[in-house]
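Sequences listed follow chains A and B, in order. Residue numbers for the first sequence follow full-length UniProt numbering, so the first one is 1 and each next one is one higher. Residue numbers for the second sequence follow full-length UniProt numbering, so the first one is 1 and each next one is one higher. Note that beta-carbon positions come from the ideal geometry of N, C-alpha and C, so glycine has one too. Here the structure is a predicted model, which means the values were calculated and not measured.
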Amino acid sequence: MAGAGGGGGVGGGPAPMGGSDLQWCFSQVKGAIDEDVAEADIISTVEFNYSGDLLATGDKGGRVVIFQKEQENKSRPHSRGEYNVYSTFQSHEPEFDYLKSLEIEEKINKIRWLPQQNAAHFLLSTNDKTIKLWKISERDKRAEGYNLKDEDGRLRDPFRITALRVPILKPMDLMVEASPRRIFANAHTYHINSISVNSDHETYLSADDLRVNLWHLEITDRSFNIVDIKPVNMEELTEVITAAEFHPHQCNVFVYSSSKGTIRLCDMRSSALCDRHSKFFEEPEDPSSRSFFSEIISSISDVKFSHSGRYMMTRDYLSVKVWDLNMETRPVETYQVHEYLRSKLCSLYENDCIFDKFECCWNGSDGALMTGSYNNFFRMFDRSTRRDVTLEASRESSKPRAILKPRKVCTGGKRRKDEISVDSLDFNKKILHTAWHPLQNIIAVAATNNLYIFQDKVN
Amino acid sequence: METDDREGNRMWEEDSSPKHLLDTMFARGIKRKCFDGEEDIEGTLAGFKSVPSYNLQRQSLLDMSLVKLQLCHMLVEPNLCRSVLIANTVRQIQEEMTQDGTWQVINAQNTGQASLDRLVSSDILCRSTKEQGEGKLVPSYSSFSKDFEDIQSQDIISDLSTVASVQAPRNPQSNVWEMENPQENRGNFQKSLDQIFETLENKNPNSVEDLFSDVDNSYYDLDTVLTGMMSNTKMGHCDVLESFSSQTTTNSNSNCKSDINELDHIVEILVES
């Protein structure tokens with residue numbers, strides 16, 4: 001739970017976010033300013049690593065860009081350190097499935113970091129069909145004085161070698177290399193929507209619309225199917241898997257959410273195929289608000305365990321819900337993200353916005369939640385004070401250390417000066433992907449092709 | 001997944017627009033509501049009043065949903081989650097309309113072609129829809145009911161110039177509505193059927209028939225289905241999976257030679273593409 005007091009530092013305690021306790025400032029924005037957005041540049045996933053020093057983004061063009069946080073220095077006391085490009089590489093390429101005569105998009109659906117075990121960094125990135133394990137390593141030394149080849153790499157004539165020498169290491173400009181170490185392919189018939197690294201650091205799961213597979217990080221030619229909800233007769237299909245995640249501490253537990261608004265918690269110790277859940281989370285429907293769109297808006301687009309492992313959060317179209325893993329009957333907390341859209345569901349259905357998959361995230365202390373909305377708005381909720389705030393990621397408020405002003409949507413009647421009416425919202429500007437630094441109050445917000453980084457005001 | 005076929009990004013401010021009224025209607029979650037005391041239970045259009053009847057609005061939602069199911073993503077596989085959610089919405093509406101009695105029964109003349117309504121692939125509908133500008137569309141599921149993994153190599157592209165992606169139309173007999181109301185359909189689908197047949201006639205039937213006349217279980221393929229339609233072949237009930245994996249030779253005529261011809265044709269097409 002969030003406590004009162006100053007912002008958390010590295011490894012620090014609770015980091016409050018709401019209301020008057022905390023203000024968010026613009027820090028950086030990455031990406032082109034151009035109004036004309038290239039489709040390939042649209043950011044499709046954002047993820048901090050375990051320490052928060054690295055921030056990875058994936059885009060529709062199949063590229064991964066990793067930013068690294070620079071050291072905080074005393075000459076810039078107001079900044080927690082900027083993120084600069086560390087590595088860029090092409091993770092996935094477009095493919096063509098000749099059997100079905102369909103393209104396989106190179107869009108990166110998810111990136112998940114592995115916990116760091118040595119000097120190199122590892123991450124998993126996935127598109128619709130293939131997961132890849134990437135190693136990102138630094139090289140800042142170069143060996144010189146080889147025996148068998150010249151400095152320019154040409155092989156020396158063995159007969160000319162009359163003496164042996166030991167090559168010495170010389171410093172060179174830092175080079176960051178990304179190399180694919182494993183490719184996990186051909187295990188998913190349907191589109192992969194989630195990957196999640198297990199707390200054992202040896203296995204991970206990947207989930208598509210109908211199945212969840214378990215992999216060992218070292219083994220690419222085999223995966224275990226642990227959930228299969230595909231009906232024998234496809235015409236009977238009424239529900240799909242929308243997200244899945246491993247428990248942060250219990251390596252045998254994972255959850256998966258569905259398009260019907262349910263979450264199933266499974267224990268891999270109970271059986272090899274976890275079609276039968278251990279726990280089933282579903283909130284009973286409110287009969288007074290039932291409509292033809294009820295099911296669609298109940299579809300869960302994201303599920304995230306809290307860092308503590310005690311709670312999980314789900315995002316459906318209009319709300320964010322916090323569930324206590326010990327209580328299956330209903331969530332313990334519900335936060336409305338943009339309730340004013342409830343009266344617009346038919347229009348949102350027509351323009352397909354109702355199918356947008358928003359993600360959500362916890363802050364490091366599990367005291368706050370964040371999720372995106374339209375018009376480049378994103379929302380933050382403080383669990384203890386129950387205060388919430390709407391902020392905007394825009395170029396207008398992009399002056400260094402400018403404090404973000406809370407925004408408000410006017411739902412009807414008299415519109416106040418700074419408010420924006422529902423009908424003026426830009427539904428093309430959607431914030432689907434956000435990430436919160438695991439330890440500090442730094443957030444990354446993806447607005448189409450731009451990545452905004454905000455920090456709390458450091459006094 | 002960010003979809004591509006979004007039509008607009010701004011909400012209208014016209015209060016009297018049908019969409020706005022639909023929004024208001026559905027927002028309240030009230031399933032039935034009488035307007036002006038003249039609600040038309042049969043569902044026929046009794047004229048457009050300033051506040052459209054619930055039935056009209058529901059009909060509009062049904063039509064919208066059917067269009068969405070049939071919009072084809074020619075290059076990329078459509079989003080299964082979205083398709084399932086839309087299909088569930090259609091099912092909901094249909095169930096309610098069935099209870100209402102507003103789901104019309106087509107006359108006997110059209111009965112023979114009732115099953116044909118559902119054979120139309122989304123691809124054909126896309127083209128005919130585009131050609132016609134707009135249209136009442138036949139209810140049929142498009143891609144999500146295909147079982148890709150089992151279609152394997154026999155997913156045949158017969159004519160790439162007109163069918164850019166393989167879209168397996170649903171088995172008509174196992175259409176979800178089939179289960180509840182086998183012979184029911186809406187009269188105005190006949191119009192769209194005519195459009196479709198027109199388009200079909202322009203295709204070269206010979207090559208199609210050569211390819212598929214001996215392969216009975218590829219009914220899921222557009223051209224086979226259409227061939228079947230023309231020759232009034234009764235389509236099997238069976239699950240695509242099962243028919244595929246246990247490929248019993250229902251035609252004694254199927255022989256290696258036709259397979260080879262088939263293969264040549266496929267290779268030809270692939271090479272051309």
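Considering residue i, what are the terminal residues of the alpha helix (DSSP H) in which it resides?
{"i": "D388 of chain A", "result": "Careful: D388 of chain A lies outside any alpha helix (DSSP H), inside the beta strand (DSSP E) at 388-392."}
{"i": "M97 of chain B", "result": "80-100"}
{"i": "R58 of chain B", "result": "54-70"}
{"i": "L348 of chain A", "result": "345-350"}
So with CB distances below 8 Å, who are the chain B contacts of residue i?
{"i": "E105 of chain A", "result": "V76"}
{"i": "E339 of chain A", "result": "Ordered by position in chain B, no residue passes the 8 Å Cβ test against E339 of chain A, which lies about 11 Å from the chain."}
For chain C, check one thing: does any of its Cβ atoms lie closer than 8 Å to the Cβ of residue i?
{"i": "F281 of chain A", "result": "Checking the listed chains, one finds no chain C in this structure; the protein chains it contains are A and B."}
Using the beta-carbon of each residue, which ones in chain A are nearer than 7 Å to residue i?
{"i": "N88 of chain B", "result": "T238, E295"}
{"i": "M97 of chain B", "result": "None at all; the shortest Cβ gap to chain A is about 12 Å."}
{"i": "Q92 of chain B", "result": "F292"}
Would you check whether the ligand MN has a heavy atom nearer than 7 Å to the C-beta of residue i?
{"i": "D53 of chain A", "result": "Absence of the ligand MN from the depicted structure is noted, as is the absence of any ligand whatsoever, leaving it without description."}
Go through its chain and collect everything with a Cβ distance to residue i's Cβ below 8 Å, but skip five positions before and after it.
{"i": "V90 of chain B", "result": "L62, S65, L66, L69, P139"}
{"i": "T238 of chain A", "result": "K260"}
{"i": "G133 of chain B", "result": "At G133 of chain B the pLDDT is 38, less than 50, meaning the model places this residue with poor confidence and gives no usable figure here."}
{"i": "T189 of chain A", "result": "D208, L210, R211"}
{"i": "G31 of chain A", "result": "D41, I43, N449, N450, L451"}
{"i": "S270 of chain A", "result": "R276, S278"}
{"i": "D426 of chain A", "result": "Y374, N375, N376"}
Name the one or two DSSP bridge partners that residue i has.
{"i": "L55 of chain A", "result": "A:F48, A:F67"}
{"i": "T371 of chain A", "result": "A:C360, A:R379"}
{"i": "T411 of chain A", "result": "None; T411 of chain A has no bridge partner."}
{"i": "T385 of chain A", "result": "Per DSSP, none; premise fails for T385 of chain A."}
{"i": "W113 of chain A", "result": "A:L123"}
Using CA coordinates, which residue listed in the options is at the minimum distance from residue i?
{"i": "P180 of chain A", "options": "A:I226, A:S308, A:N213, A:S125", "result": "A:S125"}
{"i": "L265 of chain A", "options": "A:A272, A:H277, A:S258", "result": "A:H277"}
{"i": "N73 of chain A", "options": "A:E82, A:D388, A:M234", "result": "A:E82"}
{"i": "H433 of chain A", "options": "A:C410, A:R401, A:M370", "result": "A:M370"}
{"i": "E93 of chain A", "options": "A:P248, A:S343, A:W362, A:G62", "result": "A:G62"}
{"i": "Q28 of chain A", "options": "A:E151, A:W134, A:S319, A:S394", "result": "A:S394"}
{"i": "T262 of chain A", "options": "A:E328, A:D200, A:I136", "result": "A:E328"}
{"i": "F89 of chain A", "options": "A:E103, A:R386, A:W134", "result": "A:W134"}
{"i": "Y340 of chain A", "options": "A:G412, A:F454, A:L174", "result": "A:G412"}
{"i": "A187 of chain A", "options": "A:H121, A:N49, A:A178, A:S206", "result": "A:S206"}
{"i": "Y349 of chain A", "options": "B:G101, B:D100, B:I86, B:C81", "result": "B:I86"}
{"i": "Y98 of chain A", "options": "B:Q59, B:E96, B:L71, B:E77", "result": "B:E77"}
{"i": "V337 of chain A", "options": "A:P331, A:C346, A:V320", "result": "A:V320"}
{"i": "I229 of chain A", "options": "A:A163, A:L22, A:N213, A:E138", "result": "A:N213"}
{"i": "F48 of chain A", "options": "A:I443, A:A447, A:V458", "result": "A:I443"}
{"i": "V422 of chain A", "options": "A:S347, A:T334, A:F96, A:S87", "result": "A:S347"}
I want to verify the contact list: residues of chain B whose CB lies under 9 Å from the CB of residue i, in sequence order.
{"i": "S194 of chain A", "result": "Near S194 of chain A there are no residues of chain B at all, since even the closest Cβ is about 12 Å away, more than 9 Å."}
{"i": "T242 of chain A", "result": "C81"}
{"i": "C410 of chain A", "result": "Here the premise fails: no neighbours, minimum Cβ distance about 13 Å."}
Below 7 Å on C-beta distance, what does residue i contact in chain B?
{"i": "Y190 of chain A", "result": "L80"}
{"i": "C25 of chain A", "result": "Going along chain B, no residue has its Cβ under 7 Å from C25 of chain A, so there is no contact; the nearest lies around 29 Å."}
{"i": "D209 of chain A", "result": "L80, C81"}
Might you give, ordered along the chain, the residues of its own chain that have their beta carbon closer than 7 Å to the beta carbon of residue i, omitting 5 neighbours on each side?
{"i": "residue 515 of chain A", "result": "Past the boundaries of the shown model lies residue 515 of chain A; chain A is included only from 1 to 459, so the question cannot be answered."}
{"i": "H216 of chain A", "result": "E202, T203"}
{"i": "E35 of chain A", "result": "none"}
{"i": "F305 of chain A", "result": "E245, H247, P248, M312"}
{"i": "E42 of chain B", "result": "For E42 of chain B, the predicted structure reports a pLDDT of 38, less than 50, and the residue's modelled location is therefore unreliable. A value from the coordinates is still provided. Answer for E42 of chain B: T102, listed in chain order."}
Just to make sure I have the definition right: I need the residues of chain A whose C-beta is within less than 8 Å of the C-beta of residue i. Which are they?
{"i": "L85 of chain B", "result": "S259, E295, I296, S299, F355"}
If you follow the beta strand (DSSP E) that residue i is part of, which residue opens it and which one closes it?
{"i": "L174 of chain A", "result": "168-184"}
{"i": "S291 of chain A", "result": "Neither: S291 of chain A is in no beta strand (DSSP E) and is coded neither H nor E."}
{"i": "I403 of chain A", "result": "Here I403 of chain A belongs to no beta strand (DSSP E), and DSSP marks it neither H nor E."}
{"i": "M327 of chain A", "result": "Careful: M327 of chain A lies outside any beta strand (DSSP E) and carries neither H nor E."}
{"i": "I453 of chain A", "result": "450-456"}
{"i": "L124 of chain A", "result": "121-126"}
{"i": "L265 of chain A", "result": "263-267"}
{"i": "Q250 of chain A", "result": "Run containing Q250 of chain A: none; DSSP gives neither H nor E here."}
{"i": "C25 of chain A", "result": "24-30"}
{"i": "W436 of chain A", "result": "433-436"}
{"i": "D140 of chain A", "result": "131-144"}
{"i": "L205 of chain A", "result": "203-207"}
{"i": "I104 of chain A", "result": "102-104"}
Return the chain-ordered list of same chain residues with a C-beta closer than 6 Å to the C-beta of residue i, the five sequence neighbours on each side being excluded.
{"i": "I296 of chain A", "result": "I354"}
{"i": "L54 of chain A", "result": "I66, Q68"}
Counting only Cβ pairs nearer than 9 Å, list the residues of chain A close to residue i.
{"i": "L69 of chain B", "result": "What L69 of chain B touches in chain A: nothing, since even the nearest Cβ is about 12 Å away."}
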